[in-house]
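Everything below concerns the one structure shown next.
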Amino acid sequence: MTALNESELTANDLLARLERLEAERDVRHALNDYFYLLDAGRVEDLLDVYSREVDWSASNIPFGSGRRLALTGRAQVRPVVESLGYGGFRHHGVNADIYVDDAATSAWTTSYMLVVSRSTEVPGTTLLLGGLYEGTWTRDSDRWRIGAWHISHQWMVDGVGSEKFFDGLREGTRWDGLRREEDS
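For the sequence shown, the UniProt record's numbering assigns the number 1 to the initial residue and increments by one for each residue that follows.
What follows is the structure, given as structure tokens:
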């Protein structure tokens with residue numbers, strides 16, 4: 001409970017809290033949707049998660065270089081998204097922190113990332129990547145969209161496991177955004 005005494009809460013206070021809670025839920029869904037769309041290689045749907053004029057950046061690209069890539073707008077982000085080696089990685093967002101403003105129109109997220117990926121250095125093995133996703137979100141008429149996005153690539157461990165990890169990934173997932181006939 002905040003500084004307000006429960007007996008001092010009005011119906012409007014409760015509605016505002018409910019709206020912020022629903023907004024937090026919707027932002028969490030949008031963040032998880034981002035990870036899923038990225039892993040599934042659904043470029044158009046992934047780009048739609050970004051606002052038209054997204055302020056996008058990534059640090060330490062390529063790994064270990066310390067370089068920062070900064071882009072503005074979906075058109076500049078598109079080549080980066082299209083160049084990813086889809087099917088060769090899985091993203092895991094961990095410990096997501098979501099803050100929604102009082103009006104429930106803007107949100108800020110921070111999430112650690114763990115990526116399991118095919119190794120480019122040690123064929124037949126996998127690598128682990130870790131870092132942080134940080135973003136600001138705005139509510140559009142149809143969904144929450146990323147207005148600013150920063151990806152910090154902070155560590156990498158190569159050659160940690162067998163390529164067999166990816167055998168099942170070729171089969172896709174049971175839910176790919178559309179119900180499959182076998183699920184009907």
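Beta carbons: idealized from backbone N, C-alpha and C, even for Gly.
| Check | Outcome |
| --- | --- |
| What's the gap between the Cα of T105 and the Cα of R17? | 13 Å |
| Mind checking whether V122 and D158 have CB atoms under 8 Å apart? | yes |
| Tell me which residue opens and which closes the beta strand (DSSP E) that Y34 is part of. | Element bounds for Y34: not the beta strand (DSSP E) but the alpha helix (DSSP H), A11 to A40. |
| Verify the CB distance criterion: does N32 have a CB-CB separation below 8 Å to chain B? | You won't find chain B in this structure, because it holds only one protein chain. |
| Can you name the start and end residues of the beta strand (DSSP E) that L69 belongs to? | R68 to T72 |
| Looking at the structure shown, is R139 part of a helix, part of a strand, or coil, going by DSSP? | strand |
| Less than 8 Å between the beta carbons of A58 and I151, yes or no? | yes |
| Between the C-alpha atoms of L84 and L132, what's the straight-line distance to the nearest angstrom? | 18 Å |
| My assumption, with CB atoms under 8 Å, is that L128 sits in contact with V160. Please give the rounded CB distance. | 6 Å |
| On the premise that D45 lies in contact with L37, defined as a C-beta separation below 8 Å, what is that separation, rounded to the nearest angstrom? | 5 Å |
| Spatial neighbours of D97 within its chain, please: C-beta separation below 6 Å, excluding the five flanking residues on both sides. | T110 |
| Whole angstroms is fine: what's the gap from D101's alpha carbon to G64's? | 36 Å |
| Leaving aside the five residues before and after F35 along the sequence, list all residues of the same chain whose C-beta is less than 8 Å from its C-beta, in chain order. | H91, H92 and G93 |
| Alpha carbon to alpha carbon, how far is V54 from Q76? Give it in angstroms, no decimals. | 9 Å |
| Which word fits G124, buried or exposed, when buried means at least 16 other C-beta atoms lie within 10 angstroms of its C-beta? | exposed |
| Please go through the same chain and pick out, in chain order, the residues whose beta-carbon is closer than 6 Å to the beta-carbon of A23, but skip the five residues on each side of it. | V100 and A104 |
| Hey, would you say V49 sits closer than 8 Å to D33, going by beta carbons? | yes |
| For a test of the three-state rule: what should DSSP assign to A75, helix, strand or coil? | helix |
| Tell me whether E134 sits in a helix, a strand or coil according to DSSP, three-state version. | strand |
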